[in-house]
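First up is the structure itself, then whatever we jot down about it.
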Amino acid sequence: MTPKQRAIMALTLKQPDYVPTMELEFQLVEELFGESYYSGREVADGISKEEIIDHNSRLMAKVFDYLDYAVAMICYGVPQFDDQSNTDTLIAIRQKVEEYLKEERLFVCHGDATYAIPDGDTMLDFVYALNDHPDEMKERAAKMVDDQLERCRKLMDGGFDGFALCSDYAFNRGSFLSPSMFREFITPYLARLIDGQRKMGAYVIKHTDGDIMPIIDQIVECGPHALHSLDPQGGIDIAVIKKMYGDKVCLIGNVNCALMQTGTKEEILASAAYAMEHGKPGGGYIFSTSNVAFKGMPLESYMLIHDYYLKHRAY
Numbered sequence: 001m002t003p004k005q006r007a008i009m010a011l012t013l014k015q016p017d018y019v020p021t022m023e024l025e026f027q028l029v030e031e032l033f034g035e036s037y038y039s040g041r042e043v044a045d046g047i048s049k050e051e052i053i054d055h056n057s058r059l060m061a062k063v064f065d066y067l068d069y070a071v072a073m074i075c076y077g078v079p080q081f082d083d084q085s086n087t088d089t090l091i092a093i094r095q096k097v098e099e100y101l102k103e104e105r106l107f108v109c110h111g112d113a114t115y116a117i118p119d120g121d122t123m124l125d126f127v128y129a130l131n132d133h134p135d136e137m138k139e140r141a142a143k144m145v146d147d148q149l150e151r152c153r154k155l156m157d158g159g160f161d162g163f164a165l166c167s168d169y170a171f172n173r174g175s176f177l178s179p180s181m182f183r184e185f186i187t188p189y190l191a192r193l194i195d196g197q198r199k200m201g202a203y204v205i206k207h208t209d210g211d212i213m214p215i216i217d218q219i220v221e222c223g224p225h226a227l228h229s230l231d232p233q234g235g236i237d238i239a240v241i242k243k244m245y246g247d248k249v250c251l252i253g254n255v256n257c258a259l260m261q262t263g264t265k266e267e268i269l270a271s272a273a274y275a276m277e278h279g280k281p282g283g284g285y286i287f288s289t290s291n292v293a294f295k296g297m298p299l300e301s302y303m304l305i306h307d308y309y310l311k312h313r314a315y
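The letter at position 71 of the sequence shown is residue 71 when you use the UniProt record's numbering, and the numbering goes up by one with no holes.
In structure tokens form, the structure reads like this:
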């Protein structure tokens, strides 16, 4: 069974030969391999666009193969070029990564278009707009979905298999919109986005951090293949979610990222074991941290959970 086949089985709520794994981003590339991604600015130093894409693609493939990521998220390490769209760069990277890979993997990239938690500079303007100009905000939400679906068609034609929708909807103590406002301003557009992507043949992973319990029923109702993060810092318990929604959506994550920064080895392993123990039974589960393998996380902490994964992934 290939990594891609394992990913598809998990995403469709089946049980593969062993639990697949992934990360939305693996930012510890330099720590692991002693190499870094180019940003794209190196063009000014005489390094060609083709050389940059080749270098970054080779390094991405090295990460995916070494860590056996069944889902290859093309995100961290994608260069920016002044004369080329991000969509075209993603397609070029995806095609070149495939040339370097030793095994077939499921290619995904960002594909969200729904309102997320605004940053501090725009929070007040955003919430006032929802109250004062609701129809305008709904028109804008619909336009964002239309534009994203057009982009997604190009990406699917370019060889991608699916999308990770990464708009965050919740803080550690609840959703940023009340369930009723979420139903009005997010749910219809998330549902239309996911439906459009699925009709293209895409696999859809919905990511959001935080305490999603007030809105999780609406998110699952929108029909993603998988729900990512299951953030323990937001009080999310994978055992509870597995019982409630394990027959409706694949579960990804729940290994506590905060502990991987500040916890003991025993605490880190306990979090990994809890996620595996409660997510694994019956399939429909992909092993992952609760966010990303971020810069500053000790590599030893990440490799600790990865070694645990390798020892306990078999069904």
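Note that the Cβ used here is the ideal one computed from N, Cα and C, for glycine as well.
Bear in mind the structure is a predicted one, so any value in this text is a computation, not a measurement.
Beta-ladder partner(s) of residue i, from DSSP
i: Met73; result: Val108
i: Leu251; result: Leu227 and Tyr285
i: Ile205; result: Ala164 and Ala226
i: Phe26; result: Ala293
i: Ser175; result: Ala170
i: Tyr18; result: Ala314
i: Leu81; result: Per the sequence presented here, residue 81 reads as Phe, with Leu not at that position. Its beta-bridge partners are Gln84.
Residue span of the beta strand (DSSP E) that contains residue i, given as start and end
i: Val97; result: Not the beta strand (DSSP E): Val97 falls in the alpha helix (DSSP H), residues Asn86 to Tyr100.
CB-CB length for residue i against residue j, believed under 8 Å
i: Val255; j: Ile305; result: 6 Å
i: Val71; j: Arg105; result: 7 Å
i: Leu101; j: Asp65; result: 6 Å
Residue from the options with nearest C-alpha to residue i
i: Asp147; options: Thr87, Arg6 and Asp17; result: Thr87
i: Gly279; options: Gly158, Asp135 and Lys242; result: Lys242
i: Ala314; options: Pro20, Gln5, Met9 and Lys265; result: Pro20
i: Pro3; options: Asp17, Thr12 and Leu13; result: Asp17
i: Leu28; options: Ile8, Ser48 and Met60; result: Met60
i: Val63; options: Lys295, Glu25, Asp247 and His110; result: Glu25
i: His207; options: His110, Asp82, Pro214 and His312; result: His110
i: Gln218; options: Leu251, Leu259 and Pro179; result: Pro179
i: Met73; options: Gln261, Gly174, Asp161 and Gln197; result: Asp161
i: Ile216; options: His312, Asn56 and Gly174; result: Gly174
First through last residue of the alpha helix (DSSP H) which encompasses residue i
i: Val29; result: Val29 to Phe33
i: Gly196; result: Thr187 to Lys199
i: Leu304; result: Leu299 to His312
i: Ala270; result: Lys265 to Gly279
i: Pro214; result: Taken as a continuous stretch (DSSP letters only), Pro214 belongs to no alpha helix (DSSP H), as it is neither H nor E.
i: residue 327; result: The displayed coordinates of the chain run from 1 to 315. Any statement about residue 327 would go beyond what the structure contains.
i: Glu50; result: Lys49 to Leu67
i: Glu140; result: For the record, residue 140 in the displayed sequence is Arg; it is not Glu. From DSSP, the alpha helix (DSSP H) with Arg140 extends over Pro134 to Asp157.
i: Met244; result: Ile238 to Tyr245
i: Arg41; result: Neither: Arg41 is in no alpha helix (DSSP H) and is coded neither H nor E.
i: Met9; result: Pro3 to Leu11
Own chain partners of residue i with C-beta closer than 7 Å, once the 5 adjacent residues on each side are dropped
i: Asp209; result: Asp168, Ala170, Ser229, Asp231, Gly234 and Asn291
i: Leu269; result: Leu304 and Tyr308
i: Asp112; result: Leu165, Cys166 and Ser167
i: Leu177; result: Phe185 and Ile186
Same chain only: Cβ atoms within 6 Å of residue i, ignoring 5 sequence neighbours per side
i: Gln80; result: Gly40
i: Asp195; result: none
i: Ala275; result: Ile238, Asn254 and Val255
i: Ile236; result: Leu230
i: Ala7; result: Pro20, Ala70, Val71 and Leu106
beta-carbon residue i near the ligand ZN non-hydrogen atom, thresh 7 Å
i: Arg140; result: Among the components of this structure there are no ligands whatsoever, and the ligand ZN is therefore not found.
Spatial neighbours of residue i in its chain, beta-carbon cut-off 8 Å, leaving aside the 5 residues before and after
i: Met156; result: Met200, Gly201 and Ala202
i: Glu221; result: Thr187 and Ala191
i: Leu299; result: Leu28, Glu31 and Leu32
i: Gln15; result: Met9, Gly282, Gly283, Gly284 and Tyr315
Residue-level contact to chain D via CB, residue i, 8 Å cutoff
i: His133; result: Protein chains in the displayed structure number just one, and chain D is not present.
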